[in-house]
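Quick note: the sequence shown uses my numbering, first residue 486, plus one each step.
Below is one structure, written out as structure tokens; the observations come after it.
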Amino acid sequence: MANVYDEAYALETAIRNSNDYKELQELYAQLQADETGKKLFDNFRQVQMSLQQKQMQGEEISQEEIEQAQKQAQLVQQHDVISKVMESEQRLSQTLTDVNKIIMKPLEQLYEGFDNENE
Numbered sequence: 486m487a488n489v490y491d492e493a494y495a496l497e498t499a500i501r502n503s504n505d506y507k508e509l510q511e512l513y514a515q516l517q518a519d520e521t522g523k524k525l526f527d528n529f530r531q532v533q534m535s536l537q538q539k540q541m542q543g544e545e546i547s548q549e550e551i552e553q554a555q556k557q558a559q560l561v562q563q564h565d566v567i568s569k570v571m572e573s574e575q576r577l578s579q580t581l582t583d584v585n586k587i588i589m590k591p592l593e594q595l596y597e598g599f600d601n602e603n604e
């Protein structure tokens with residue numbers, strides 16, 4: 486029987502070799518070569534991460550911060566390469582979500598079966 490960790494590393498390699506990952510990698514390289522786009526994207530990510538951190542810590546997000554985030558989102562949506570990066574990232578993220586569901590299936594079935602036995 487194969488070691489679970491070996492299988493996980495094989496999955497990592499499969500993800501790296503996937504068309505979705507390769508596309509994202511190419512688009513991200515294009516973005517890194519565009520100084521204006523890179524700054525815009527970095528600022529957008531910084532604002533996003535700051536808001537997520539506040540949310541996770543239970544801090545209130547001000548109206549000003551919300552407006553700043555909305556402005557940043559509008560700016561990045563207008564940049565062609567950034568839009569493509571974000572679309573590509575979303576496709577890869579969906580793939581990873583699907584893979585995670587598959588990986589979690591044994592645990593899910595175990596608990597569902599256990600719950601059904603105790604009813």
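Note that the Cβ used here is the ideal one computed from N, Cα and C, for glycine as well.
| What are the boundary residues of the alpha helix (DSSP H) that G522 is part of? | For this step, residue 522 is matched to residue 37 along the sequence shown. Its alpha helix (DSSP H) spans residues E520 to M541.
May I have the straight-line CA-CA distance separating Q575 from N504, to the nearest angstrom? Counted from its first residue, the sequence shown places residue 575 at position 90. Counted from its first residue, the sequence shown places residue 504 at position 19. Rounded to the nearest angstrom, the two C-alpha atoms are 13 angstroms apart.
With burial defined as no fewer than 16 other Cβ atoms inside 10 Å of the residue's Cβ, what is the status of S573: buried or exposed? Counted from its first residue, the sequence shown places residue 573 at position 88. So S573 ends up on the buried side.
Notebook entry, point to check: Could you give the distance in angstroms between the alpha-carbon of Q594 and the alpha-carbon of L581?
Noted result: Reading the sequence shown from its first residue, position 109 is the one you call residue 594. Reading the sequence shown from its first residue, position 96 is the one you call residue 581. Near 20 angstroms, if we compare the C-alpha coordinates of L581 and Q594.
Fill in: Contact set for L577: own chain, Cβ-Cβ below 7 angstroms, skip 5 residues either direction
Numbered from 1 along the sequence shown, position 92 holds the residue referred to as residue 577. Within the same chain, L577 has close Cβ partners D505, Y506 and L509.
### Message
Restricting to runs no shorter than 4 residues, where is the alpha helix (DSSP H) found entirely within the segment 541 to 566?
### Response
548 to 563
Discussion item. Distance check for E497 and K586, CA to CA, integer angstroms please.
Written reply: The count along the sequence shown starts at 1 and reaches residue 586 at position 101. The count along the sequence shown starts at 1 and reaches residue 497 at position 12. When rounded, the separation of the alpha-carbon atoms in K586 and E497 is 16 angstroms.
### Query
What number of angstroms, rounded off, separates the C-alpha of V570 from the C-alpha of T521?
Taking the sequence shown and counting its residues from 1, the one referred to as residue 570 is at position 85. Taking the sequence shown and counting its residues from 1, the one referred to as residue 521 is at position 36. Spanning the two alpha carbons is a distance of roughly 15 angstroms.
task: Could you tell me if I567 is buried or exposed, where buried requires 16 or more neighbouring beta carbons within 10 angstroms of its beta carbon?
output: As a working note, residue 567 is residue 82 in the sequence shown. With 16 or more Cβ atoms within 10 Å of its Cβ, I567 is classed as buried.
DSSP three-state assignment for S578, whether helix, strand or coil
For this step, residue 578 is matched to residue 93 along the sequence shown. Note: S578 maps to helix in three-state DSSP.
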